[in-house]
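> Numbering (our numbering), first residue to last: 5 to 471.
Backbone N, C-alpha and C define an ideal beta-carbon position, used for all residues, glycine too.
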């Protein structure tokens, strides 16, 4: 069966065609999934990046004997555990949503991508076991053994995200199976997930984004504390580690983004056309900053001639496929994708600039910046990094629409035919609000625990140098 024929119907094991479900709540189902992803993905960033920062701090303690590093690692480990616990809840909700909201997708292709979720499950259990040992092992395990117990936490956090993103990469570029009588057969899950050219740039892009989000949010918290008069050695040390982590990752993202953009141009040209609002197929295509896509072209934007062709194919005269090459029904919501993409690129560029300024001052003058405006920018950088993260995922996921499996299964064919979506959506909002309140309360409690007075030996609490 051809891909086009498969996109028009599903087939049961008995071979009976199933038309797309008549689901009047399709939009709400998509919004539920989007809400859950928006809540969960920032927590994933901390699962990837935060253990690395905690372990670095403890390693510095073991190397230097400076007990301030130990105090920092111990405090951060409690925050890490709290975020992990909330991530367990939001991740469990996501797993239920995949089965309850998109049963046709799971039933039809689970034999292809199920390996990714199975491996992610193993990563989760490893992380859960060792994070408990690590957090409760302070003063109970020898110092070096305690550090070693934290390494599986960091590895499992990276591996878990890798396996899930492999599934998403497959959804964007499906391979590793054969369509026969409307069914996915002869599945090769390993090759489908990890031999997929769409997987690698997605994972690397997300990996560096995780360090940016976790680093800028942590640094922003301590920069805010500075404005409130909390600027002892502990705060300076914490901000230095967090901000350096984010600042190293941020300038590399444009390079990774260029790689990702060229892969999108090659494998998902319609998504690229939506990101840039390119109506007709064009040689020497311009790049538009801002503006509004009116159904055929971008208006009120600033056009840079040939720049899209240059960025997409490294050739200013290259031909870029436009939206006019596919029917209107096969196009994503262009302005949504465009605005999300431009928000991601714009914020990412600002964060990279802030990072370069910080790195220059930090390594050229061997101190932290002293400008109040710099620290105000750091406070803003945390929420902006989250916005850029979510905007990037909107670009990826909404840009793939109307397909849940690109050019194979439409989202409308994957959705459940069950009723009650509005009730589930309302319940989900209440659950997430309760989780947010509980997490905010817990983090506030942790932040109010006083340091051991013997630790803060730096009496000049207003100094701006880093220890």
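1) List the residues that DSSP assigns as beta-bridge partners of residue 507.
2) Using a Cβ-Cβ cut-off of 7 Å (strictly less than) and excluding sequence neighbours within five positions of residue 399, which residues of its own chain qualify?
3) Taking all protein chains shown into account, do 16 or more other C-beta atoms lie within 10 angstroms of the C-beta of residue 369, making it buried, or fewer, making it exposed?
4) Hey, would you say residue 51 sits closer than 8 Å to residue 164, going by beta carbons?
5) For residue 34, count neighbouring Cβ atoms within 10 angstroms of its own Cβ and tell me buried if that reaches 16, exposed if not.
6) DSSP state of residue 88, grouped into three classes?
7) Am I right that residue 108 and residue 418 are in contact with their C-beta atoms under 8 Å? What's the rounded C-beta distance?
8) Any idea what DSSP makes of residue 452, helix, strand or coil?
9) Can you check DSSP and say which residues form a bridge with residue 413?
10) Mind checking whether residue 288 and residue 321 have CB atoms under 8 Å apart?
11) Pick helix, strand or coil for residue 374, following the three-state DSSP scheme.
12) Between which two residues does the alpha helix (DSSP H) carrying residue 340 extend?
13) In the DSSP assignment, what residue or residues form a beta bridge with residue 189?
14) Count the other C-beta atoms from every protein chain shown that fall within 10 angstroms of the C-beta of residue 140, then say buried if there are 16 or more, exposed otherwise.
15) In three-state terms, what does DSSP make of residue 29?
16) Between which two residues does the alpha helix (DSSP H) carrying residue 282 extend?
17) Quick check: residue 257 and residue 212, are their CB atoms within less than 8 Å of each other?
18) Decide if residue 359 is buried, meaning its Cβ has at least 16 other Cβ atoms within 10 Å, or exposed.
19) Could you tell me whether the segment 384-393 touches the segment 77-92, where touching means 3 or more Cβ pairs closer than 8 Å?
20) Please report the Cβ distance between residue 71 and residue 65, rounded to the nearest whole angstrom; I am assuming they are in contact, meaning their Cβ atoms lie under 8 Å.
21) Between which two residues does the alpha helix (DSSP H) containing residue 215 stretch?
22) For residue 404, which residues from the same chain have a beta carbon less than 8 Å from its beta carbon, with the 5 sequence-adjacent residues on both sides left out?
23) Please go through the same chain and pick out, in chain order, the residues whose beta-carbon is closer than 6 Å to the beta-carbon of residue 189, but skip the five residues on each side of it.
24) If you check the beta carbons only, do residue 154 and residue 62 fall under 8 Å apart?
25) Identify whether residue 238 lies in helix, strand or coil by the three-state DSSP scheme.
26) Quick check: residue 227 and residue 241, are their CB atoms within less than 8 Å of each other?
27) Under 8 Å, do residue 291 and residue 327 count as touching if we go by C-beta distance?
28) Assuming contact is defined by CB atoms lying nearer than 8 Å, are residue 167 and residue 123 in contact in what I supplied?
29) Could you check the C-alpha separation between residue 420 and residue 250 for me, to the nearest Å?
30) Where does residue 40 land, buried or exposed, given buried means 16+ other C-beta within 10 angstroms?
31) Residue 83 and residue 247: beta carbons closer than 8 Å?
32) Can you tell me which of the three DSSP states residue 291 falls into?
33) Is it the case that the Cβ atoms of residue 173 and residue 116 are separated by a distance below 8 Å?
34) In its own chain, which residues sit with a C-beta less than 6 Å from the C-beta of residue 373, not counting the 5 before and 5 after it?
35) I'd like to check one pair, residue 59 with residue 485: are the Cβ atoms closer than 8 Å?
36) If we call anything under 8 Å between Cβ atoms a contact, is residue 91 one with residue 157?
Reading it off the structure:
1) No answer is possible for residue 507: it lies beyond the span of the chain, which begins at 5 and ends at 471.
2) Taking the chain shown and counting its residues from 1, the one referred to as residue 399 is at position 395. Cβ neighbours of residue 399 beyond the five flanking positions: 279, 341, 344, 345 and 348.
3) Reading the chain shown from its first residue, position 365 is the one you call residue 369. By the Cβ-count criterion, residue 369 is exposed, with fewer than 16 other Cβ atoms from all chains shown falling within 10 Å of its own Cβ.
4) As a first step, residue 51 is located in the chain shown; it is residue number 47 there, counting from the start. As a first step, residue 164 is located in the chain shown; it is residue number 160 there, counting from the start. Yes, the Cβ-Cβ distance between residue 51 and residue 164 is below 8 Å.
5) Reading the chain shown from its first residue, position 30 is the one you call residue 34. Burial call: buried.
6) Position 84 of the chain shown holds residue 88. Helix at residue 88.
7) Against the chain shown, residue 108 aligns to sequence position 104. Against the chain shown, residue 418 aligns to sequence position 414. The pair is a contact, with the Cβ atoms about 5 Å apart (cut-off 8 Å).
8) As a working mapping, residue 452 is identified with position 448 in the chain shown. Coil, per DSSP.
9) In the chain shown, counting from the first residue as 1, residue 413 sits at position 409. Answer is 409.
10) One-based indexing of the chain shown puts residue 288 at position 284. One-based indexing of the chain shown puts residue 321 at position 317. Yes, they are a contact pair.
11) In the chain shown, the residue the question calls residue 374 occupies position 370. Coil at residue 374, not helix or strand.
12) For this step, residue 340 is matched to residue 336 along the chain shown. 338-368 is the span of the alpha helix (DSSP H), which, as asked, contains residue 340.
13) The residue given as residue 189 occupies position 185 in the chain shown. Residue 189 pairs with 182.
14) Indexing the chain shown from 1 puts residue 140 at position 136. Exposed.
15) Position 25 of the chain shown holds residue 29. Correct three-state label for residue 29: coil.
16) Translated into the one-based positions of the chain shown, residue 282 becomes position 278. Membership of residue 282 in any alpha helix (DSSP H) is not indicated, and neither H nor E is assigned to it by DSSP.
17) Working through the chain shown from its first residue, we reach residue 257 at position 253. Working through the chain shown from its first residue, we reach residue 212 at position 208. In contact: residue 257 and residue 212 (Cβ atoms closer than 8 Å).
18) Locating residue 359 in the chain shown gives position 355, where the first residue counts as 1. The C-beta of residue 359 has 16 or more other C-beta atoms within 10 Å across all chains shown, which makes the residue buried.
19) Too few Cβ pairs lie closer than 8 Å, so no.
20) As a working note, residue 71 is residue 67 in the chain shown. As a working note, residue 65 is residue 61 in the chain shown. About 7 Å; that satisfies the 8 Å criterion.
21) For the purposes of this step, residue 215 is taken as the residue at position 211 of the chain shown. 201-231 is the extent of the alpha helix (DSSP H) around residue 215.
22) Here residue 404 corresponds to residue number 400 of the chain shown, with the count starting at 1. Here the set comprises 175, 176, 272, 275, 336 and 410.
23) Translated into positions along the chain shown, residue 189 becomes position 185. Counting only residues of its own chain and dropping the five nearest sequence neighbours on each side, residue 189 has a CB closer than 6 Å to the CB of 182.
24) On the chain shown, residue 154 is found 150 positions in, with the first residue counted as 1. On the chain shown, residue 62 is found 58 positions in, with the first residue counted as 1. Taking 8 Å as the Cβ cut-off, residue 154 and residue 62 qualify as a contacting pair.
25) Residue 238 sits at position 234 when you count from the first residue of the chain shown. Helix.
26) Translated into positions along the chain shown, residue 227 becomes position 223. Translated into positions along the chain shown, residue 241 becomes position 237. Their beta carbons are not under 8 Å apart, which means residue 227 does not touch residue 241 by this criterion.
27) For the purposes of this step, residue 291 is taken as the residue at position 287 of the chain shown. For the purposes of this step, residue 327 is taken as the residue at position 323 of the chain shown. No. Outside cutoff.
28) Numbered from its first residue, the chain shown carries residue 167 at position 163. Numbered from its first residue, the chain shown carries residue 123 at position 119. Yes, they are a contact pair.
29) Looking up residue 420 in the chain shown gives position 416. Looking up residue 250 in the chain shown gives position 246. Roughly 40 Å between the two C-alpha positions.
30) Numbered from its first residue, the chain shown carries residue 40 at position 36. Under this definition residue 40 is a buried residue.
31) Mapped onto the chain shown, residue 83 falls at position 79. Mapped onto the chain shown, residue 247 falls at position 243. No, the pair does not count as a contact, with Cβ atoms beyond the cut-off.
32) Indexing the chain shown from 1 puts residue 291 at position 287. Strand at residue 291.
33) Counted from its first residue, the chain shown places residue 173 at position 169. Counted from its first residue, the chain shown places residue 116 at position 112. Cβ atoms of residue 173 and residue 116: not closer than 8 Å.
34) Locating residue 373 in the chain shown gives position 369, counting from the first residue. Excluding its 5 nearest sequence neighbours in each direction, residue 373 has C-beta neighbours in its own chain below 6 Å: 365, listed in chain order.
35) No statement about residue 485 is possible, as the shown extent of the chain runs from 5 to 471 and does not include it.
36) As a working note, residue 91 is residue 87 in the chain shown. As a working note, residue 157 is residue 153 in the chain shown. Taking the C-beta atoms as reference points, residue 157 is found no nearer than 8 Å to residue 91.
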